[in-house]
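Please read the structure below before turning to the comments.
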Amino acid sequence: MRIFENLIIDKTNLKVVKSENCTFVPLQLNNYTDLKLETFGSLSKKRQVEATEIDENGVVNKIKVRNNSSNLLILHDGEIIVGAKQNRTIDKTVILKPKETRNVDVLCVEKGRWSFRNQEFSQHNSKLSPEIRFSKETVTNYNKQNTVWNEIDKMYEENNQYSNTSDFCEFKKEENSKLGLEEIKSKIFNDKYNGILVTNNKIRFIEIFYNSKIYEDQITKSINTLLINNKNENNQQIEIDKYFFRLKDSNWFKEENESSLETAYLSNYHGKGRLIFFNKQILHLIFFFN
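Structural data, given as structure tokens:
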């Protein structure tokens, strides 16, 4: 199904923000507010969410999450949580209903540790890099974990760094962009934007969130890994119409899902992506272009 074929994007006020190694185009799409939707970070501050190993033995690719709030909880693909027996990242965006407890699919981002640091996970201020998120979507589920580990090892090797536990979170970041991080953030965030088109010499993607607040929270965590230690010069002209056409022309397929949450995935010559919507409202879209 072509979910976005009737999408109208007002391009009159599109803003193109360029750094040496990335181009950002913030997007104003449907910016919803009526759902009571919380992130892991927002509920953590209220102490209304718990994330632990599924039991004392633990399982590398599963954790237990308890939503103790009266609102929906969204866990976004690529979000990193730290602690317990090893640091993890959320594999696919999921929604937990109020008071729901669920085992959630995760991937390890710290392959050299398997011992309790503490009992519960906590939020981290960064996300898995878009390049690694894309790499894990190009392989089978069986190979996802090894792909993430290999990409983290490669990241350390290319930057002459080392971590005893190969921990993504220990990577030392050095800002290469002359256009400062805070200046970029001031240009791509406001109370209307809730999505973004990002291109550089490595990757091109669109990511859309439920509203501007969640968009700013999630992109703030992602932007470091896009700007920092990315030594490839951004020398391409962005073809905005081409990317919008590919989004509108993309053919999505519904995933089997027993809950009221609707999900769809895309994998064809346009790219790879995943879409989550609820009550006909987009909660999260990630679309990596080929």
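No gaps in the numbering here: position 272 of the sequence shown is 1394 in the working numbering, and each next residue is one more. Glycine included, every Cβ here is placed at the ideal spot set by N, Cα and C.
Since residue i contacts residue j with CB under 8 Å, what's their CB separation in whole angstroms?
| i | j | result |
| --- | --- | --- |
| THR1342 | LYS1307 | 7 Å |
| VAL1226 | VAL1187 | 5 Å |
| PHE1290 | LEU1250 | 7 Å |
| VAL1228 | ARG1255 | In fact, because the Cβ distance is near 13 Å, the residues do not count as touching under 8 Å. |
Classify residue i as helix, strand or coil using the three-state DSSP reduction.
| i | result |
| --- | --- |
| GLY1317 | strand |
| VAL1231 | coil |
| PHE1410 | strand |
| LYS1087 | Nothing in the structure corresponds to residue 1087, since the chain is present only between 1123 and 1412. |
| VAL1181 | strand |
| VAL1204 | strand |
| ILE1325 | coil |
| GLU1361 | coil |
| PRO1220 | coil |
| ARG1368 | helix |
| VAL1261 | coil |
| GLU1378 | coil |
| TYR1278 | helix |
| GLU1172 | strand |
| ARG1255 | helix |
| ILE1125 | coil |
| ASN1272 | helix |
| GLU1142 | coil |
| TYR1387 | strand |
| ASN1225 | strand |
| THR1155 | coil |
On the DSSP bridge list, what partners appear for residue i?
| i | result |
| --- | --- |
| GLN1431 | Past the edges of the chain, shown from 1123 to 1412, lies residue 1431, and the structure says nothing about it. |
| LYS1294 | Its beta-bridge partners do not exist; DSSP assigns none. |
| ASP1082 | With the chain covering only 1123 through 1412, there is no way to say anything about residue 1082. |
| ILE1196 | THR1161 and ILE1217 |
| VAL1147 | LEU1319 |
Out of curiosity, what's the CA-to-CA distance linking residue i and residue j?
| i | j | result |
| --- | --- | --- |
| ASN1267 | GLU1232 | In the sequence as presented, Asn is not what sits at residue 1267; that position holds Gln. Taking the straight line joining both Cα atoms gives about 11 Å. |
| LEU1129 | LEU1397 | 15 Å |
| THR1321 | GLY1395 | 16 Å |
| VAL1138 | ASP1339 | 20 Å |
| GLY1163 | LYS1370 | 32 Å |
| GLU1305 | ARG1326 | 22 Å |
| LYS1140 | ALA1386 | 31 Å |
| SER1244 | ASP1213 | 17 Å |
| VAL1216 | GLU1273 | 24 Å |
| PHE1399 | LEU1197 | 14 Å |
| ASN1135 | GLU1127 | 21 Å |
| GLU1361 | PRO1252 | 20 Å |
| ASP1199 | LEU1159 | 16 Å |
| SER1257 | ARG1169 | 33 Å |
| ASP1313 | GLU1178 | 43 Å |
| PHE1410 | PHE1366 | 12 Å |
| THR1145 | TYR1315 | 16 Å |
| ASN1066 | ILE1328 | Here the chain comprises residues numbered 1123 to 1412, so residue 1066 is not present and cannot be evaluated. |
| GLN1359 | ILE1131 | 20 Å |
Should the segment 1209-1224 be regarded as contacting the segment 1184-1193, the criterion being three or more beta carbon pairs within less than 8 Å? As far as the Cβ criterion goes, the segment 1209-1224 touches the segment 1184-1193, which means the pair count is three or higher.
Would you say the segment 1230-1246 touches the segment 1329-1337, given that touching needs at least three Cβ pairs under 8 Å? Touching, no, given that fewer than three Cβ pairs across the two stretches are closer than 8 Å.
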